Amino acid sequence: MHGEYKVPGGKLVVVDVDVVDERLADVRLSGDFFLEPDDALPLIDAALTGLPADADGRSIAAAVHAALPEGAVMLGFSPEAIATAVRRAVNRATTWRDYDWELVHPGPLSPVTHLALDQVLAEEVGAGRRAPTLRIWEWDEPAVVIGSFQSVKNEVDPENAAKYGIPVVRRISGGGAMFMEAGNVVTYSLYAPAELVQGMSFADSYAYLDDWVLVALRSLGIDATYQPLNDIASPSGKIGGAAQKRLADGAVLHHVTMSYDIDADKMVQVLRIGREKLSDKGTKSAQKRVDPLRSQTGLPRAAIIERMIETFRSLHGLHDGEITPEEFARAEQLVAEKFGTDEWLYRVP
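Per UniProt numbering, the sequence shown runs over residues 1 to 349.
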């Protein structure tokens with residue numbers, strides 16, 4: 001069995017292992033990490049050999065900790081990363097390169113259609129009718145997109161939303177509200193088989209699925225990091241946040257919205273957020289704009305998206321594709337039956 005885990009912002013950890021009589025056997029740890037002293041490596045292998053095959057991540061990490069000699073140094077990885085690689089090996093997890101990833105980047109769509117497509121494309125990947133997919137969002141109208149479990153009245157000021165002509169829609173994933181106007185954020189969705197994040201905690205999977213975009217942002221000069229549970233940040237403040245939904249058919253929907261150039265004054269009027277939360281997004285004054293991608297790169301939004309696509313393609317492979325007429329038809333059906341209805345929007349009033 002073979003398991004790999006790329007530590008977000010760190011190194012690749014690889015574990016090859018057999019299972020004999022429901023215990024780990026012939027464990028072989030490798031990777032491009034740094035470890036001192038050299039003889040710590042066989043000590044880790046020996047500590048893992050014989051553990052129950054169904055040992056949880058905490059138990060595996062504890063065994064690694066106990067095996068390390070005093071003063072040992074691990075750079076680019078950790079006992080917890082080793083535990084994740086072990087669990088991925090035992091659970092026969094896949095890697096990015098096991099799939100032929102497809103890019104879909106259609107023209108502007110209504111926000112409610114975007115949300116319906118998230119469900120449709122995730123279901124198609126789960127059913128095996130669509131290859132794992134990266135989708136870039138485009139839109140030319142505003143919206144507030146609230147999380148699956150958020151209260152409309154607690155998150156949105158209805159009078160100001162109506163004043164600015166900003167509708168409210170609800171997505172199927174959890175997390176917080178997104179304030180969207182044409183051209184002011186960068187949003188993407190990933191639709192992947194659950195096997196890609198097999199053996200990972202929810203927290204680990206968030207960082208794992210977005211590590212490629214950190215590489216892209218760093219190539220543009222942004223010192224981007226991942227802040228648990230679901231934030232992409234820089235020394236200048238928060239850049240964006242991720243949300244995720246695991247579907248019953250075995251698919252994972254993972255999407256991220258990053259601020260390009262948001263009207264913070266309007267956002268704070270429409271969303272019921274305090275000044276503390278606005279400050280967390282990168283500005284201390286509602287009169288300023290939340291613009292980490294624009295101000296830190298000096299690039300047009302389209303150029304940032306192009307670099308993201310190039311980075312994904314170089315790391316994981318990516319071919320251009322399109323959303324099929326059948327998928328669009330199913331999305332429009334879901335708009336009529338679900339995402340465009342008050343019943344769905346106000347399911348948490």
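Backbone N, C-alpha and C define an ideal beta-carbon position, used for all residues, glycine too. On a predicted model such as this, the values are computed, not experimentally measured, just so you know.
Quick check: is the beta carbon of residue i nearer than 8 Å to any beta carbon in chain C?
| i | result |
| --- | --- |
| LYS153 | Included in the structure is just one protein chain, with no chain C present. |
Taking 8 Å as the cut-off, decide whether the C-beta atoms of residue i and residue j are in contact.
| i | j | result |
| --- | --- | --- |
| PRO108 | GLU70 | no |
| HIS254 | ARG97 | no |
| ILE304 | LEU214 | no |
| THR130 | TYR188 | Sequence inspection shows Arg at residue 130; the Thr mentioned does not correspond to that position. Cβ atoms of ARG130 and TYR188: not closer than 8 Å. |
| PHE33 | VAL13 | yes |
| PRO52 | ARG23 | yes |
| THR133 | VAL156 | no |
| residue 352 | THR311 | Summary: the structure shown does not reach residue 352, with the chain confined to residues 1 through 349, and so no result is reported for it. |
| ARG330 | VAL125 | no |
| ALA40 | ALA72 | yes |
| ALA127 | ASP249 | yes |
| PRO8 | ALA243 | no |
| LEU293 | VAL197 | no |
| GLY10 | GLY76 | yes |
| ASN230 | GLY237 | no |
| LEU43 | ARG170 | no |
Could you compute how far the alpha carbon of residue i sits from the alpha carbon of residue j?
| i | j | result |
| --- | --- | --- |
| ALA81 | PRO228 | 15 Å |
| THR113 | SER148 | 16 Å |
| SER59 | GLY174 | 29 Å |
| MET178 | THR324 | 27 Å |
| ARG88 | GLN269 | 45 Å |
| GLU343 | ILE172 | 14 Å |
| THR257 | ALA67 | 41 Å |
| ALA161 | VAL145 | 12 Å |
| LYS153 | PRO193 | 35 Å |
| ALA264 | SER78 | 39 Å |
| VAL335 | SER110 | 10 Å |
| SER285 | PRO158 | Low confidence applies here, because SER285 scores a pLDDT of 47, under 50, leaving its location unreliable; read the following figure in that light. Each residue's alpha carbon lies about 22 Å from the other. |
| residue 379 | GLY340 | Past the boundaries of the shown model lies residue 379; the chain is included only from 1 to 349, so the question cannot be answered. |
| TYR226 | ILE239 | 10 Å |
| SER151 | LEU29 | 47 Å |
| ALA55 | VAL17 | 14 Å |
| THR283 | ILE262 | Unreliable placement is indicated for THR283, whose pLDDT of 48 sits below 50; the coordinate value is still reported in the next sentence. For THR283 and ILE262, the distance between alpha carbons rounds to 11 Å. |
| LEU299 | VAL64 | 45 Å |
| GLY176 | ARG307 | 27 Å |
| GLY321 | GLY50 | 46 Å |
| ASP204 | LEU190 | 16 Å |
| ILE273 | THR297 | 27 Å |
| LYS163 | GLU337 | 27 Å |
Pick from the options: whose alpha carbon is nearest that of residue i?
| i | options | result |
| --- | --- | --- |
| LEU48 | GLY10, VAL90 and LEU35 | VAL90 |
| MET180 | ALA331, SER78, GLY9 and GLY165 | GLY165 |
| TYR260 | ARG129, LEU24, LEU117 and GLY183 | GLY183 |
| GLU195 | THR95, THR84 and GLY10 | THR95 |
| ALA122 | LEU293, LEU247 and VAL86 | LEU247 |
| residue 354 | PHE33, TRP344 and ILE222 | With the chain represented from 1 up to 349, any question about residue 354 goes unanswered, as that position is not in the structure. |
| TYR5 | LYS338, VAL86 and PRO106 | VAL86 |
| VAL19 | GLY31, LYS11 and HIS2 | HIS2 |
| ALA143 | VAL120, VAL168 and ALA63 | VAL168 |
| ILE290 | SER234, ASP204 and PRO349 | Note that residue 290 corresponds to Val in the displayed sequence, not to Ile. When only C-alpha atoms are compared, the closest one is SER234. |
| PRO106 | GLU327, GLU337 and LYS338 | GLU327 |
| GLY199 | ALA216, VAL15, LYS338 and GLY76 | VAL15 |
| PHE202 | GLY10, VAL27 and VAL252 | VAL252 |
| GLN333 | GLY10, LEU117, LEU43 and LEU75 | LEU117 |
| ILE217 | PRO42, ILE232, ARG347 and VAL348 | For the sequence presented, residue 217 should be read as Leu rather than Ile. Closest by alpha carbon: ILE232. |
| LEU318 | ARG170, ASP21, LYS245 and TYR99 | TYR99 |
| ASN31 | MET74, ARG347 and ALA25 | Note on identity: in this sequence residue 31 is Gly, with Asn being the wrong assignment. The shortest C-alpha separation from GLY31 is found at MET74. |
| LYS245 | ASP21, ASP26, PRO37 and LEU115 | LEU115 |
Kindly identify the DSSP beta-bridge partner or partners of residue i.
| i | result |
| --- | --- |
| LEU103 | LEU134 and ASP320 |
| PHE312 | Paired residues: none, contrary to the question. |
| ASP4 | Reading off the sequence shown, one finds Glu at residue 4, where the question assumed Asp. DSSP, once it has assigned bridges, lists VAL14 as partnering GLU4. |
| ALA143 | MET180 |
| ARG246 | VAL252 |
| residue 426 | What is shown of the chain runs 1 to 349, which leaves residue 426 out entirely. |
| ASP231 | GLN227 and GLY241 |
| SER259 | VAL185 |
| ARG28 | ASP16 |
| MET267 | Answer by DSSP bridge pairing: none, since MET267 is not bridged. |
| VAL112 | According to DSSP, VAL112 bridges with nothing at all. |
| PHE34 | LEU75 |
Complete runs of the alpha helix (DSSP H) confined to the stretch 149-200 [at least 4 residues]
152-155 and 158-163
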